[in-house]
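Colleague: Just so you know, the sequences run in chain order S and F.
Heads up: the first sequence at position 111 corresponds to 111 in our numbering, and the numbers run straight through without jumps.
Heads up: the second sequence at position 87 corresponds to 597 in our numbering, and the numbers run straight through without jumps.
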Amino acid sequence: MTEEDLIKKENNKGREYHQVTQESSQKINGTFNNAGGLRVDKEGFSAISEHPFHVFIEKMDEPALILSKEGKILYANRIFFSFLGYSQEEVIGHSILKFVQEDYKTYLLTLLHNQEKTKSEFCFIAKNQKELTFTLSIFKGVWDSSESCCVLMSDITKFKRSQLHTGVSETIGDWIWEIDKAGNFTFSNQAVYKLLDYEIEELLGKNIFYYFFVDDRDVMEKQLKENVVQKKGWTQKTMRFRHRNGSERWFDTNASELLNAEHELLGFRGVSRDITEIRNLEKIKNEFISMVSHELRTPLTSILGALTLVMQRNLTPEEKNELLSAAQRNSNHLSNIINDIMDVEKFQLGQIKFDFKKVNLRDVVLESIESSDVIRRKFDVKITMEDDFSAAEVKGDSLRLIQVMINLLSNAIKFSPPKSIVKVAIVDEGMIVRVSVTDRGPGIMEEFRPKIFEKFAQADSSSKRAYQGTGLGLSICKSIIEGHGGSIHYKTKMGEGTTFFFELPKFIEN
Amino acid sequence: MNKKLKKILFVDDDPDAHLIVKISLQELSDIELYTALSGEEAIKIALNTHPDLILLDVMMPDLDGIVTLQAIKLLPSLAKTPVVFLTARVQKNEIAEYFKCGILDVITKPFNPITLPETINQIWEKYQKSTSTL
Chain S
1 MTEEDLIKKE
11 NNKGREYHQV
21 TQESSQKING
31 TFNNAGGLRV
41 DKEGFSAISE
51 HPFHVFIEKM
61 DEPALILSKE
71 GKILYANRIF
81 FSFLGYSQEE
91 VIGHSILKFV
101 QEDYKTYLLT
111 LLHNQEKTKS
121 EFCFIAKNQK
131 ELTFTLSIFK
141 GVWDSSESCC
151 VLMSDITKFK
161 RSQLHTGVSE
171 TIGDWIWEID
181 KAGNFTFSNQ
191 AVYKLLDYEI
201 EELLGKNIFY
211 YFFVDDRDVM
221 EKQLKENVVQ
231 KKGWTQKTMR
241 FRHRNGSERW
251 FDTNASELLN
261 AEHELLGFRG
271 VSRDITEIRN
281 LEKIKNEFIS
291 MVSHELRTPL
301 TSILGALTLV
311 MQRNLTPEEK
321 NELLSAAQRN
331 SNHLSNIIND
341 IMDVEKFQLG
351 QIKFDFKKVN
361 LRDVVLESIE
371 SSDVIRRKFD
381 VKITMEDDFS
391 AAEVKGDSLR
401 LIQVMINLLS
411 NAIKFSPPKS
421 IVKVAIVDEG
431 MIVRVSVTDR
441 GPGIMEEFRP
451 KIFEKFAQAD
461 SSSKRAYQGT
471 GLGLSICKSI
481 IEGHGGSIHY
491 KTKMGEGTTF
501 FFELPKFIEN
Chain F
511 MNKKLKKILF
521 VDDDPDAHLI
531 VKISLQELSD
541 IELYTALSGE
551 EAIKIALNTH
561 PDLILLDVMM
571 PDLDGIVTLQ
581 AIKLLPSLAK
591 TPVVFLTARV
601 QKNEIAEYFK
611 CGILDVITKP
621 FNPITLPETI
631 NQIWEKYQKS
641 TSTL
């Protein structure tokens, strides 16, 4: 169909006809006679005499009907049969309502009854049950000396579908696409640009497999072949697509089959919802559960094991003492883990209250080193302290500052090679006091650095990770130091080690 | 004729777990218990002692349980030694991964030290039955 009105005039015995396109408001008025009557040609279609009107209507490239006042089909051109797939016997003499979708019947009857000059959209049902949308231009006339009407039909099915695509599909964030049965894209909405960074134009004509990762192609090809054989779409299939930048994006995909009038498969139409973020969150959640589960179960194993053996076995006093010590050590460790988890929640809700007093950071550091002795011995490292012996007094909550120091020392010890030294330094910087903890560990990987103070941050959450812990410590340290009006930082070099340091304002009387 | 369980190698980076298992397995008579604090140490001890069964922790520094298991499977003299994971990491997907790697069984932490000897005996008997039918 062209966008311009196509006006055709046929003058015959003073009668005038106008063919009207869907965009035009031109109407046809007049009368028409069945001068030659119906006949059947060799193709079995309804044909008509060489009367100019009949020639005109038969030569049209859109369906056309002549109806009685009651809606009975008196004549249909060849195009009508080829569009809707019915035979002449199934059409001629039958009511037009037989071919119109239920919702449109009443309205069409009204129009026919009133013999209004009108143009409206109607949905027809083809023989293969496919819905086709037409604009009907109806105008009254005379056929075989009886009042009747001529219906010129203009197929707008594709237009309606493209309206659906470009209208509805562009308003939603999901990726809507169509592929042919070989997997080549025939349609995509704009969402593909946002989700995968591909332009629609570059996508169209390319095969869907091109956008899968190489590892997935064989499986996906096999699955698509099965869908093609079965002429069936799919539901809730998780598919991994390749973003232009090479990263993987995961989509929940539903697709339905596209069939033509002969029930042959044309391809598939799909809706793909990006679930990458959901998958990532799920992964983080699982890793966290696994990590917390391990961190809680490990000390619990020693506590329960030790106490059960003490209560239910005949043991020597030495064995009992050893087991009870193990139970106590692990109870403290478990208590610290639970406190960390609770603290994170409290900091987040702003429920932590500090008990500020004049605190000597030297005392804080010494007490922290003493408290870290068990883990220090376990990892076989030494701790040294460099002190400029200046007044290292700050306004602070000593218990919370000890918590910070124990966390920093614990990290440094865990990351240090055996027999190495962890250095603690207190430095007077004028208005502030700086405390640093330096290890000779592997250093912090570059990709992990931006999130080092985030909750549950761990460079490696797999079972291969060398260093245990909840990943909450540094987040808590940051919250405590910032709650004291200070700041916490780090310097790191791969293969050489890391220094964490915090700075607090010096205590000022009054 | 079933082979008797005589030598067990227990591998865990937590010294307190060594203490619990050592006292727990005193119930098993005529058992020689060897212990290692890391995967690397475990391989060295296993090569020297040829244990009948290895109890292996998963979460360990440097060589974790899975890598240690893979290394054991590559050593001809140890490849057939049955390995049981004793671990706190027991999510469904994790357990599936362990069995894919070729472990005999999994004992979940925390375990009951009173019933641990019996559990190990049952696993050993099951293993003996499965190997005798091959």
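C-beta: ideal position from N, C-alpha, C; glycine also.
Could you check whether the Cβ of L565 of chain F sits closer than 8 Å to any Cβ belonging to chain S?
Modeller: no
Colleague: Compare the beta carbon distance of I530 of chain F and A306 of chain S with 8 Å and say whether it is the shorter of the two.
Modeller: A contact, by the Cβ cut-off of 8 Å.
Colleague: Nearest by alpha-carbon distance to G495 of chain S: which of S:I352, S:D428, S:D439 and S:T171 is it?
Modeller: S:D439
Colleague: When the cut-off is 8 Å and only beta carbons count, does E319 of chain S lie next to chain F?
Modeller: yes
Colleague: Between G183 of chain S and K127 of chain S, which are expected to be in contact by the criterion C-beta below 8 Å, what is the C-beta distance as a whole number of angstroms?
Modeller: About 30 Å separates the two Cβ atoms, so there is no contact after all.
Colleague: Who are the near neighbours of K232 of chain S in its chain, counting only those whose CB is closer than 7 Å to its CB and skipping five residues on each side?
Modeller: E257
Colleague: What's the gap between the Cα of T133 of chain S and the Cα of K451 of chain S?
Modeller: 57 Å
Colleague: If the criterion is Cβ atoms closer than 8 Å, does the pair F500 of chain S and S436 of chain S meet it?
Modeller: yes
Colleague: From S:L108, S:N360 and S:H113, pick the residue whose C-alpha is nearest to that of C123 of chain S; which is it?
Modeller: S:L108
Colleague: Find the residues of chain S that neighbour I530 of chain F, judging by a C-beta separation of less than 8 Å, and give them in chain order.
Modeller: Per Cβ cutoff of 8 Å: T301, S302, G305, A306, L309, L323 and A326.
Colleague: Let me see if you follow: with CB-CB separation under 8 Å, is R279 of chain S close to chain F or not?
Modeller: no
Colleague: The alpha helix (DSSP H) with D216 of chain S in it runs from where to where?
Modeller: Unbroken alpha helix (DSSP H) run through D216 of chain S: V214 to Q230.
Colleague: Quick one: does N260 of chain S have its CB under 8 Å from some CB of chain F?
Modeller: no
Colleague: Which value, in whole angstroms, describes the spacing of the CA atoms of K619 of chain F and Q601 of chain F?
Modeller: Those two C-alpha atoms are separated by around 12 Å.
Colleague: With a threshold of 8 Å between beta-carbons, can R440 of chain S be considered close to chain F, or not?
Modeller: Cβ-Cβ to chain F under 8 Å: no for R440 of chain S.
Colleague: Which residues in the same chain as E503 of chain S place their Cβ atom closer than 6 Å to its Cβ, once the five residues preceding and following it in sequence are excluded?
Modeller: Within its own chain, the residues whose Cβ lies closer than 6 Å to the Cβ of E503 of chain S, once the five positions on either side in sequence are excluded, are I432, R434, G486 and S487, listed in chain order.
Colleague: For the alpha helix (DSSP H) containing L349 of chain S, name the first residue and the last one.
Modeller: P317 to L349
Colleague: Counting only beta-carbon atoms, is D526 of chain F nearer than 8 Å to chain S?
Modeller: yes
Colleague: Could you spell out where the alpha helix (DSSP H) holding Y75 of chain S opens and where it closes?
Modeller: Looking at the DSSP string, Y75 of chain S is not in any alpha helix (DSSP H); the run it does join, the beta strand (DSSP E), is I73 to A76.
Colleague: Beta carbon of I138 of chain S, beta carbon of L111 of chain S: below 8 Å?
Modeller: yes
Colleague: According to DSSP, is H528 of chain F part of a helix, a strand, or is it coil?
Modeller: helix
Colleague: How many whole angstroms separate the CB atoms of L563 of chain F and I518 of chain F, which I take to be in contact at a CB cut-off of 8 Å?
Modeller: 5 Å
Colleague: What is the rounded straight-line gap between the Cα of T253 of chain S and the Cα of I289 of chain S?
Modeller: 28 Å
Colleague: Could you say if the segment 264 to 283 of chain S and the segment 175 to 195 of chain S meet the contact criterion of at least three C-beta pairs nearer than 8 Å?
Modeller: yes
Colleague: At what residues does the beta strand (DSSP E) containing R440 of chain S begin and finish?
Modeller: First-last for R440 of chain S: undefined, no H or E at that position.
Colleague: For chain F, find out if any of its Cβ atoms is closer than 8 Å to the Cβ of T492 of chain S; answer yes or no.
Modeller: no
Colleague: Please report the distance separating the alpha-carbon of H94 of chain S from that of I73 of chain S.
Modeller: 6 Å
Colleague: Can you check DSSP and say which residues form a bridge with L132 of chain S?
Modeller: S:F124
Colleague: Residues in its own chain within less than 6 Å of I303 of chain S by CB, not counting five upstream and five downstream?
Modeller: A327, N330 and S331
Colleague: Taking 8 Å as the cut-off, decide whether the C-beta atoms of A191 of chain S and G173 of chain S are in contact.
Modeller: G173 of chain S sits close to A191 of chain S, with the two beta carbons spaced by under 8 Å.
Colleague: For D216 of chain S, collect the residues of the same chain with a Cβ closer than 7 Å to its Cβ; drop the 5 residues on either side in sequence, then sort them by chain order.
Modeller: R240
Colleague: Can you have a look at G430 of chain S and say buried or exposed, based on whether 16 or more other CB atoms are within 10 angstroms of its CB?
Modeller: exposed
Colleague: Indicate the three-state DSSP secondary structure (helix, strand or coil) for F502 of chain S in the structure shown.
Modeller: Strand at F502 of chain S.
Colleague: Could you give the residue range of the alpha helix (DSSP H) that holds Y490 of chain S?
Modeller: First-last for Y490 of chain S: S487 to K493, but that is the beta strand (DSSP E), not the alpha helix (DSSP H).
Colleague: How about F609 of chain F: is its C-beta nearer than 8 Å to some C-beta of chain S?
Modeller: no
Colleague: Taking 8 Å as the cut-off, decide whether the C-beta atoms of L566 of chain F and S587 of chain F are in contact.
Modeller: no
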